[in-house]
Amino acid sequence: MDLAGLLVFATALFIAAASPGPGIAAIVARVLGRGTRGAVAFSAGLAIGDVVWLTCAIVGLAALAQAFHGVFLVIKYAGAAYLLYIAYKLWTAPAAPQDVAVDVKAEHPLRVFLGGFAVTMGNPKVMVFYLALLPTILDLTRVNLLGYAELVLATLSILAVVLGAYIVLASNARRLFTSPRAIRILNRTTGTVMAGAAAAVAAR
Numbered sequence: 000m001d002l003a004g005l006l007v008f009a010t011a012l013f014i015a016a017a018s019p020g021p022g023i024a025a026i027v028a029r030v031l032g033r034g035t036r037g038a039v040a041f042s043a044g045l046a047i048g049d050v051v052w053l054t055c056a057i058v059g060l061a062a063l064a065q066a067f068h069g070v071f072l073v074i075k076y077a078g079a080a081y082l083l084y085i086a087y088k089l090w091t092a093p094a095a096p097q098d099v100a101v102d103v104k105a106e107h108p109l110r111v112f113l114g115g116f117a118v119t120m121g122n123p124k125v126m127v128f129y130l131a132l133l134p135t136i137l138d139l140t141r142v143n144l145l146g147y148a149e150l151v152l153a154t155l156s157i158l159a160v161v162l163g164a165y166i167v168l169a170s171n172a173r174r175l176f177t178s179p180r181a182i183r184i185l186n187r188t189t190g191t192v193m194a195g196a197a198a199a200v201a202a203r
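See the structure below:
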């Protein structure tokens, strides 16, 4: 596809991705409460969810998404349930001054990935961007296989930059908390944010 169209898409996606929403709230709260372990897998799930919505928009599956409303509803509530689970873990975590991570037990990367994926699939902001706004930015009827590959590459690159920046910022902020009281406040604040993200996903 032409460079101008790709730049317009990249700019719009960067603005949409960087603006706070359930996905950003989820990754920030996760890093604040649990550290960077699993952040890459969770971010990958978020990003692949974006690629799915991008693909839906390009091949004209907005109507199909409506036809399979029940499937998307299940995915949406699965994402909300996962966020509530993390919020519960944050609220009930012990306040350990040397380790802000809530749960030292290793999580399976696939489960973390699917949690991020479900959050994106149920995120109304992402759905609106790809299914409603993207056709106003690009002529999707003229996107060929190479153009699709370019859009996917641009999407993954931009999300890697945006989510990576949020992970670094949240990780640095996390190091400021060294006392049990501060960590308890951190855990419950991020738990509340995570629960709010779950409510935002479930309410739409």
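Sequential numbering from 0 applies to the sequence shown in numbering that gives the first Met the number 0.
Virtual Cβ for every residue (Gly too), placed ideally from N, Cα, C.
(message) Looking only at its chain, what residues have a beta carbon closer than 7 Å to the beta carbon of M0, apart from the 5 residues adjacent to it on each side?
(response) The residue given as residue 0 occupies position 1 in the sequence shown. Correct list, in chain order: V142, G146, E149.
(message) Restricting to runs no shorter than 4 residues, where is the alpha helix (DSSP H) found entirely within the stretch 4-72?
(response) 21-33, 38-57, 61-66
(request) Tell me where the alpha helix (DSSP H) around T135 begins and ends. (result) Stepping through the sequence shown from its first residue, residue 135 is reached at position 136. Per DSSP, the unbroken alpha helix (DSSP H) holding T135 starts and ends at 133-136.
(message) So, with DSSP's three-state summary, where would you put V142?
(response) In the sequence shown, the residue the question calls residue 142 occupies position 143. Collapsing the DSSP output to three states places V142 in coil.
(request) Verify whether the separation of the beta carbon atoms of A38 and I47 is less than 8 Å. (result) Stepping through the sequence shown from its first residue, residue 38 is reached at position 39. Stepping through the sequence shown from its first residue, residue 47 is reached at position 48. No; because the gap between Cβ atoms is not below 8 Å, this pair is not in contact.
(request) Go to G115, then tell me how far its alpha helix (DSSP H) extends in each direction, as first and last residue. (result) Counting from one through the sequence shown, the residue named residue 115 turns up at place 116. Unbroken alpha helix (DSSP H) run through G115: 108-120.
(request) Using three-state DSSP, classify M0 as helix, strand or coil. (result) Locating residue 0 in the sequence shown gives position 1, where the first residue counts as 1. Residue state, collapsed to three classes: coil.
(request) Grab me the residues of G204's own chain with a C-beta within less than 7 Å of its C-beta, minus the 5 sequence neighbours each way, in chain order. (result) Here the chain has residues from 0 to 203 only, and residue 204 is not among them.
(request) Report the option in N171, T135, R29, A24 whose CA atom is closest to the CA atom of E106. (result) In the sequence shown, the residue the question calls residue 106 occupies position 107. The candidate whose alpha carbon is nearest that of E106 is R29.
(message) With a threshold of 8 Å on Cβ separation, who are the neighbours of A56 within its own chain once the five nearest residues in sequence on each side are excluded?
(response) As a first step, residue 56 is located in the sequence shown; it is residue number 57 there, counting from the start. Around A56: Y129, L130, L133, P134, L139.
(message) Taking only three categories from DSSP, how would you classify T91?
(response) Taking the sequence shown and counting its residues from 1, one reaches residue 91 at position 92. Three-state result, T91: coil.
(request) Please report how far the alpha carbon of F13 lies from the alpha carbon of A153, in whole angstroms. (result) Here residue 13 corresponds to residue number 14 of the sequence shown, with the count starting at 1. Here residue 153 corresponds to residue number 154 of the sequence shown, with the count starting at 1. So the two alpha carbons sit approximately 10 Å from each other.
(request) Report the option in A9, R33, A159, V118 whose CA atom is closest to the CA atom of R187. (result) By one-based count along the sequence shown, residue 187 stands at place 188. Out of A9, R33, A159, V118, R33 has the C-alpha closest to the C-alpha of R187.
(request) Kindly list the residues whose CB is nearer than 7 Å to the CB of L5, restricted to its own chain and excluding five residues on each side of it in sequence; keep chain order. (result) Residue mapping note: residue 5 aligns to position 6 of the sequence shown, counting from 1. The answer, listed in chain order, is E149, A153.
(message) Using only the alpha-carbon positions, how far apart do L2 and L158 sit?
(response) Taking the first residue of the sequence shown as 1, we reach residue 2 at position 3. Taking the first residue of the sequence shown as 1, we reach residue 158 at position 159. Rounded to whole angstroms, L2 to L158 spans 19 Å at the Cα level.
(request) Would you grab the beta carbon distance between L53 and V118 for me? Rounded to a whole angstrom, and I think it's under 8 Å. (result) As a first step, residue 53 must be located in the sequence shown, where it is residue number 54. As a first step, residue 118 must be located in the sequence shown, where it is residue number 119. The pair is not a contact, with the Cβ atoms about 16 Å apart (cut-off 8 Å).
(message) Taking the beta carbon of R110 as the centre, do at least 16 other beta carbons fall within 10 Å, making it buried, or is it exposed?
(response) Within the sequence shown, the letter at position 111 stands for residue 110. Result: exposed.
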